[in-house]
Amino acid sequence: MTMAGISRRVFLSIASMVAAFSNRTALADTSSSLPDAAKNGGMSLLEALSLRQSTRLFADKPIDDETLSTLLWCAFGINRPNSGGHTAPSWHGAMETDIYVADERGVRKFDPAGQAAVTILSRDIRRLASKETFVETAPAVLIYCADRGRLHVANEDQASAFAHVDAGIVAQNVYLYCASAGLGTCLVGGVDKPTLGKVLGLSQTQFVTFVQPVGYPSSG
């Protein structure tokens, strides 16, 4: 092979790497504010509790950003701006739960402080969320991840246990909002956590706890 041929191959390889890096960097920096979450009105707590249930059949109907914003705020949003308090408690106030939203557009990470969504992937990964086939049929899949680094007081076993409990509390908030908004959901523990963690680019201190598909119930 000639030097010109080698040089061309090297150039194309480097150009491809630079383009890939640039695309990933651009995605990582893409943040957009969500619409204001609805914090007044709605169904009473007792009514929502009476309607709470798990749904595994979803209609082919997207969730608009206004509804998604309220859903995420109910899940783990900031309800006391002065102190940074959340709508769900966490062990020792660690606030170790991060919520990723997977849909047909890609994956966004919820930023509670800014009530915003940060795009981290531009491809649909819902089918990777769980072996439970109904999960990928939901228009949105919430992926709960915990950061062990924020649970520094606990040992590794304790950190995992507390993280799963805290994620479960967040999930119950989602259940109650879904009941009040006519949505369906189901908390799922059957997850290929290592694979999903790699796809999301989680750090060594982060790990997946649960996934929770959300959508409008199907009558079929």
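Per our numbering, the sequence shown starts with residue 33, numbered consecutively. Glycine included, every Cβ here is placed at the ideal spot set by N, Cα and C. Bear in mind the structure is a predicted one, so any value in this text is a computation, not a measurement.
Counting only runs of 3 or more residues that sit fully inside the segment 78-144, the beta strand (DSSP E) segments are 110-112, 129-135 and 138-143, in chain order. A211 is a Cβ neighbour of R84, given a cutoff of 8 Å.
Bounds of the beta strand (DSSP E) holding I175 are A172 to D179. Taking a 10 Å sphere around the C-beta of K163, we find fewer than 16 other C-beta atoms and assign the residue as exposed. Two segments are said to touch when three or more pairs of C-beta atoms, one from each, lie closer than 8 Å; by this definition the segment 128-141 touches the segment 192-202.
By alpha-carbon distance to A145, the top candidate from S122, L174, A170 and N111 is N111. For the pair A203 and F242, the CB atoms are nearer than the 8 Å cut-off. The three-state secondary structure of I201, taken from DSSP, is helix. With contacts defined as CB atoms closer than 8 Å, A69 and T102 qualify as a contacting pair. Annotated as distal: L174 and Q236, with beta-carbon spacing of 8 Å or more. Its Cα nearest to that of C106, the residue Q147 stands out among D156, G221, G247 and Q147.
Here Q236 carries a coil assignment [DSSP, helix/strand/coil]. Separation of the CB atoms of C177 and V240 is rounded to 5 Å, and the pair is thereby assigned contact status at 8 Å.
When N114, F108, P113 and S115 are compared, the shortest CA-CA separation from S122 is found for F108.
Beta-carbon to beta-carbon, T99 and L160 are separated by about 24 Å, too far to satisfy the 8 Å threshold. V150 places its beta carbon less than 8 Å from that of T62. Counting other Cβ atoms within 10 Å of its Cβ, L183 reaches 16 or more and is therefore classed as buried. By the CB criterion at 8 Å, P171 and P94 fall inside the cutoff.
Collapsing the DSSP output to three states places F166 in coil. V246 is the residue among Y209, V246 and L234 whose C-alpha sits nearest the C-alpha of L219. With 16 or more other CB atoms across the displayed protein chains lying within 10 angstroms of its CB, H118 is buried. Nearest in C-alpha terms to L77, of all of Q238, G222, A213 and N187, is A213. Ranked by Cα distance from K71, the first of G222, Y209, K225 and D143 is Y209.
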